[in-house]
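In what follows, a single structure is set out as structure tokens and then discussed.
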Ligand code: HEM
Ligand SMILES: [Cu+2]
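Protein chains in written order, with this note's numbering: chain A, 63 to 191; chain B, 7 to 558.
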């Protein structure tokens, strides 16, 4: 069957380029910055190992140990995401997507931990001190 | 007859001098349409394999004794079925086949944003498939498609690692496709193609891609952790090593509930296209359908605990998950109501794709409503891990996703191949599938309600009648799936040429020739009207051109 032309939208002459939504904000990160970030990551790695070693020699509260380890780890993550993954110089849309995955991760953590603590553990077994 | 045929070669044509260069032209193509065809062939191959495993399962269940397979072999058979169908068929099928073909065409673009990433995604799919198949060849897996710990990590004595490697690799194929769709839909729409002029299939594909990109990494890492624990005994899920087995279920369902929406949302998109075209009406409540896809994508992330009501999840968490599960049914219901409102006073024609669409609505309603039953903790405790659950998810996955896929495949087949299939056989097989499906799975609701557990191959005598009914329904269903393969193949050389727009549908994909030229649009179209802008007299024209004997 032949196409009837008038019931289809926009059969016009396209002389324009596709609507550009500005994918990236064309930021640039210098090589020097990469090296500095790399240095910082190495430093943080030694901190991680150091903290683990310290926990073996001095008696620090378990909770404190966890908090320190998590802080170092999230700093590393942040550095990688911002600089190596270019989120710092990306478009708003890419930043929104990065934030969305973080929100997803938070949801996952909060709900799972919520369940974990609320599970009705017997007194000696539970996760709480 | 192609009155507006564009210059430029159809994407299926080649002038390759040798067979080898022809093979290379296909295997190294970056044309989204050819990649869609590669996916079509490989995904349908996996569907047939999964169907074979299902056949073995259904034959075993004809008798209560368990006389065909040992219990161990039976475990491997249903696991093979589940893994192939979920990871290698249902999750990729609509995005990778119909989405790949249609997303650029529907928005007026010449290809996806990252054509080579698209090709890579097909190779990843194939690599994942080969891993999973080799696991099957070397003895199979017996964990079920859910890989629950501690069985999978500590006790299972089968090819767990090989299989999860397959699922892991396949996950990256999904991510590549999702990423490609998101970037393409954001940046490559034709001039005038605003967000609210997008066809609803695009909205659905966008929402699906969002879920794919945010959820798939979680299951990837979870499977990796499982492998690490199994290989090196690192305590993640094993309580003896300080792990928590329920953690696996949390992480698995954090992906796998959203994954059920990866399976069904693109189907919703297809159905919106079919209902609008074959009612000759603008879809009722366009914005509501578009936003309900987004709402499902969001809420779908918050209900995973409804798979864990009896897994020693805290009662409190169960309560919250039960409540949010009720919420996620609302956007699904919005879609169903809007489709029926579109039908109202529409000029309905019962062509094959429309038969699938109408079948979809009925079956999805049953599947969705039984989902609500299961979302109520008090009922779920009785029917969890019974055939009631099996029936529920087959109603949504077969009655929903597969019906939508087949409807969409028939609808866009003329566009993909340039040929019409046989409408009579199309209608017959749609009806056969509908009948066969209900015969197979409705008895399973009853079975489950009466207490037949899932994943057992020996059962009490009293369940035999229903099991035999189900197995004979499966036979009818299998015939219904095989007939389309025959007449669709046949149409490739005997089908009558389709012309650009055989259904008189709206949408940019119907303005180009069938099959479309390699670069889709010689000139990028400018869009000036809404989606589904059927002229008021479209219905009258339909009625006037009807002749006795022409399809309804
Ligand atoms: C409409 C809203 C839906 C609701 C409220 C719902 C609810 C549920 C609930 C509560 C369960 C757990 C039952 C149990 O294990 O005891 C379940 C299982 C399941 N549902 Fe749904 N569901 C819905 C839609 C869907 C859709 C659209 C799909 C797929 C396309 C789907 C696929 C599944 C699967 C695969 C399982 C079983 C997983 C397994 O244990 O192997 N559901 N559903
Ligand atoms: Cu679920």
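Even for Gly, the Cβ is constructed at its ideal location relative to N, Cα and C.
No experiment lies behind these values; they were computed from the predicted model shown.
Check: residue i C-beta below 7 Å from any heavy atom of ligand 2
| i | result |
| --- | --- |
| residue 256 of chain B | no |
| residue 263 of chain B | yes |
| residue 266 of chain B | yes |
| residue 309 of chain B | yes |
Closer than 7 Å: residue i CB and nearest ligand 1 heavy atom
| i | result |
| --- | --- |
| residue 312 of chain B | yes |
| residue 193 of chain B | no |
| residue 403 of chain B | yes |
| residue 331 of chain B | yes |
| residue 168 of chain B | no |
| residue 206 of chain B | no |
| residue 505 of chain B | no |
| residue 214 of chain B | no |
| residue 380 of chain B | yes |
| residue 432 of chain B | no |
| residue 324 of chain B | no |
| residue 148 of chain A | no |
| residue 183 of chain B | no |
| residue 525 of chain B | no |
| residue 270 of chain B | yes |
| residue 342 of chain B | no |
| residue 377 of chain B | yes |
In DSSP terms, what residue i is bridged to
| i | result |
| --- | --- |
| residue 425 of chain B | B:503 |
| residue 16 of chain B | B:523 |
| residue 459 of chain B | B:392 |
Range of the contiguous alpha helix (DSSP H) that encloses residue i
| i | result |
| --- | --- |
| residue 66 of chain B | 38–66 |
| residue 272 of chain B | 251–285 |
| residue 222 of chain B | 206–238 |
| residue 393 of chain B | 393–402 |
| residue 376 of chain B | 358–381 |
| residue 121 of chain B | 121–143 |
| residue 548 of chain B | 544–550 |
| residue 184 of chain B | 166–193 |
| residue 110 of chain B | 106–113 |
| residue 157 of chain A | 154–179 |
| residue 75 of chain B | Residue 75 of chain B -> no alpha helix (DSSP H), and no H or E assigned at all. |
| residue 344 of chain B | 321–349 |
| residue 293 of chain B | 292–305 |
| residue 96 of chain A | 93–119 |
| residue 29 of chain B | 25–33 |
| residue 124 of chain A | 124–141 |
Is the stretch 180–190 of chain B touching the stretch 117–125 of chain B, taking contact as three or more C-beta pairs under 8 Å?
Taking a cut-off of 8 Å for Cβ pairs, the stretch 180–190 of chain B and the stretch 117–125 of chain B touch, as three or more such pairs fall below it.
Give a yes or no on contact between the stretch 400–416 of chain B and the stretch 366–376 of chain B, applying the rule of three or more CB pairs nearer than 8 Å.
Proximity of the stretch 400–416 of chain B to the stretch 366–376 of chain B meets the contact definition, three or more beta-carbon pairs being nearer than 8 Å.
Spell out a yes or no on whether the stretch 38–46 of chain B and the stretch 95–111 of chain B are touching, meaning 3 or more CB-CB pairs, one atom from each, closer than 8 Å.
A contact exists between the stretch 38–46 of chain B and the stretch 95–111 of chain B.
Taking beta-carbon pairs under 8 Å, can you tell me which members of the stretch 122–147 of chain A lie near chain B?
Going along the stretch 122–147 of chain A in chain order, one finds no residue with a Cβ nearer than 8 Å to chain B.
With a threshold of 8 Å, are at least 3 pairs of Cβ atoms found where one atom belongs to the stretch 355–365 of chain B and the other to the stretch 420–434 of chain B?
Look at the beta carbons and you see the stretch 355–365 of chain B touching the stretch 420–434 of chain B: at least three pairs across the two are nearer than 8 Å.
Take every Cβ of the stretch 312–325 of chain B, pair it with every Cβ of the stretch 267–276 of chain B, and state whether three or more of those distances are shorter than 8 Å.
No: the two stretches stay apart, fewer than three of their Cβ pairs being nearer than 8 Å.
Quick one: any contact between the stretch 221–236 of chain B and the stretch 129–144 of chain B, if contact means 3 or more CB pairs under 8 Å?
Touching, no.
Check each residue of the stretch 176–195 of chain B: if its Cβ is closer than 9 Å to any Cβ of chain A, include it; give the result in chain order.
Under the 9 Å Cβ criterion, the stretch 176–195 of chain B contributes 188, 189, 192, 193, 194 and 195.
For the stretch 16–30 of chain B against the stretch 49–59 of chain B, are there 3 or more C-beta pairs whose distance is under 8 Å?
These segments do not touch.
Please confirm if the stretch 448–468 of chain B is in contact with the stretch 64–79 of chain B, defined as three or more CB-CB distances below 8 Å between the two stretches.
The stretch 448–468 of chain B, when compared against the stretch 64–79 of chain B, does touch it at the 8 Å Cβ threshold.
Residues within the stretch 212–241 of chain B neighbouring chain A, beta-carbon criterion of under 9 Å:
So the list reads 216, 219, 220, 221, 223 and 224, given in the order they occur along the chain.
Closer than 8 Å, Cβ to Cβ, to anything on chain B: give me those residues from the stretch 147–174 of chain A, in chain order.
Cβ contacts with chain B: 155, 159, 162, 163, 166, 169, 170, 173 and 174.
Using a Cβ-Cβ cut-off of less than 8 Å, list which residues of the stretch 299–324 of chain B approach chain A; keep chain order.
Within the stretch 299–324 of chain B, the qualifying residues are 307, 308, 311, 318, 319, 320, 321, 322 and 323.
Count the CB pairs spanning the stretch 482–499 of chain B and the stretch 428–447 of chain B that are closer than 8 Å, and state whether there are at least three.
Result yes; three or more Cβ-Cβ pairs closer than 8 Å.
Stretch pair the stretch 469–476 of chain B + the stretch 440–455 of chain B: three plus CB contacts closer than 8 Å
Enough Cβ pairs lie closer than 8 Å, so yes.
Residues of the stretch 246–259 of chain B with a CB closer than 9 Å to any CB of chain A: list them in chain order, please.
In summary, the residues of the stretch 246–259 of chain B whose CB is separated from some CB of chain A by less than 9 Å are 250, 252, 253, 256 and 257, in the order they occur in the chain.
If contact is defined by three or more beta carbon pairs under 8 Å, each pair taking one atom from either stretch, is the stretch 299–313 of chain B in contact with the stretch 233–241 of chain B?
These segments do not touch.
Cβ pair count under 8 Å reaching 3, the stretch 281–291 of chain B against the stretch 107–122 of chain B:
With a cut-off of 8 Å, the stretch 107–122 of chain B and the stretch 281–291 of chain B do not count as touching, because too few Cβ pairs lie within range.
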